[in-house]
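Asks: Numbering (mature numbering (1 follows the signal peptide of the UniProt record, and there is no 0)), first residue to last: -19 to -1, 1 to 293. In this text, a Cβ means the ideal position worked out from N, Cα and C, and glycines have one as well. All values derive from a computational prediction rather than experimental measurement.
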């Protein structure tokens, strides 16, 4: 809540600082009209043909010289001459006054804000889509890291409280460490009472105090140490964007490994098929599996092997 009031106060201060005064608006309007009639980029000094470091007397002489050129009597056919002549008088008045000249010199050096429909504003940097996305990623990851850090500190306090409760149950109120192993029950929810004021037993866990170490005893008989290392430390690598990148890389590498295994299996099956075909061809050529074409197998008759009689 305090941060909200601080930000609100800073916003009000910034609004007060950036709010233009009446004299500022007069200069803005005058600069816009001057550029519209005399040319873009025309300044008070360039119109009077004097440097920005000119003295008041030099500005007065330049005004008298230019006023003679822009006098309505000498330019009767110019419809805008009256406005230009009046504008020259206002410019001369601003530059010959120390306070108003200082105000104009600020905008002369830093640029004059442009009219944006509802007021005069400086042209601000307009970030692109990529810049906005990067900013949002950095912002959300930073906020998530801050939340992780707050959660980590909360867990540390809770672990410290559980350890103290277990040690107190094992050692007594004086907290004198004892020897050996002691099994205790620790209430996780803290003391609670019903409407009549009677204590309500909360959820408790079985713990083992062995020396200065405290362990949680699981139903299967295994034990888990309870200390500061139990809490998960905050890390930027565990925020959503690095975790997403890590997950995508793991999926890509996993798919590559699967494709490599499939290719290896296909290659092995092709090699086995090739070996089988090679052995079949060699057997057919030797005639052991199938008699060679044109050469019938020898016929055994009367206990002796006789050659087959060729047909004429």
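Mind checking residue 8: buried by the 16 CB within 10 Å criterion, or exposed?
Replies: Counting from 1 along the chain shown, the entry for residue 8 is found at position 27. By the neighbour-count rule (16 or more Cβ atoms within 10 Å), residue 8 is buried.
Asks: Take residue 14 as the anchor and find which of 48, 46 and 67 has the nearest alpha-carbon.
Replies: Within the chain shown, residue 14 is the residue found at index 33, counting from 1. Taking only the C-alpha atoms, the option nearest residue 14 is 67.
Asks: Please specify which runs of the alpha helix (DSSP H), each continuous and at least 4 residues long, are wholly inside the stretch 33 to 68, giving them in chain order.
Replies: DSSP runs (the alpha helix (DSSP H)) wholly in the stretch 33 to 68: 37 to 50.
Asks: Ignore the nearest five residues each way along the sequence and tell me which others in residue 55's own chain have a CB closer than 8 angstroms to its CB.
Replies: Position 74 of the chain shown, counting from 1, holds the residue named residue 55. Result list for residue 55: 49, in chain order.
Asks: For residue 211 versus residue 140, is the C-beta spacing smaller than 8 angstroms?
Replies: By 1-based counting over the chain shown, the position of residue 211 is 230. By 1-based counting over the chain shown, the position of residue 140 is 159. Yes, the Cβ-Cβ distance between residue 211 and residue 140 is below 8 angstroms.
Asks: Use the C-beta contact count for residue 167: other C-beta atoms within 10 angstroms, 16 or more gives buried, fewer gives exposed.
Replies: As a first step, residue 167 must be located in the chain shown, where it is residue number 186. Residue 167 is buried by the Cβ-count criterion.
Asks: Would residue 198 pass as a contact of residue 189 if the rule is Cβ separation under 8 angstroms?
Replies: On the chain shown, position 217 is the one that residue 198 refers to. On the chain shown, position 208 is the one that residue 189 refers to. Going by C-beta atoms, residue 198 is nearer than 8 angstroms to residue 189.
Asks: State the DSSP-derived secondary structure class of residue 179, mapped to helix, strand or coil.
Replies: In the chain shown, residue 179 corresponds to position 198, counting from 1. Looking at residue 179 - three-state DSSP - the assignment turns out to be coil, as it is neither helix nor strand.
Asks: Look at the alpha carbon of residue 31 and the alpha carbon of residue 1, and state the distance between them as a whole number of angstroms.
Replies: Locating residue 31 in the chain shown gives position 50, where the first residue counts as 1. Locating residue 1 in the chain shown gives position 20, where the first residue counts as 1. Straight-line Cα distance between these residues: approximately 27 angstroms.
Asks: Can you tell me whether residue 195 is buried or exposed? The criterion is at least 16 other CB atoms within 10 Å of its CB, across all chains shown.
Replies: Reading the chain shown from its first residue, position 214 is the one you call residue 195. Classification for residue 195: buried.
Asks: Starting from residue 8 and walking both ways along the alpha helix (DSSP H), at which residues does that stretch end?
Replies: Along the chain shown, one-based indexing puts residue 8 at 27. Note, residue 8: alpha helix (DSSP H), 3 to 19.
Asks: Bridge partners of residue 196, per DSSP?
Replies: Translated into the one-based positions of the chain shown, residue 196 becomes position 215. According to DSSP, residue 196 bridges with 189 and 206.
Asks: Restricting to runs no shorter than 4 residues, where is the alpha helix (DSSP H) found entirely within the stretch 128 to 166?
Replies: You should have found no qualifying run.
Asks: Let me check one thing: in DSSP terms, what residues is residue 168 bridge-paired to?
Replies: Here residue 168 refers to the residue found at position 187 of the chain shown. For residue 168, which the question treats as bridged, DSSP gives the partners 185.
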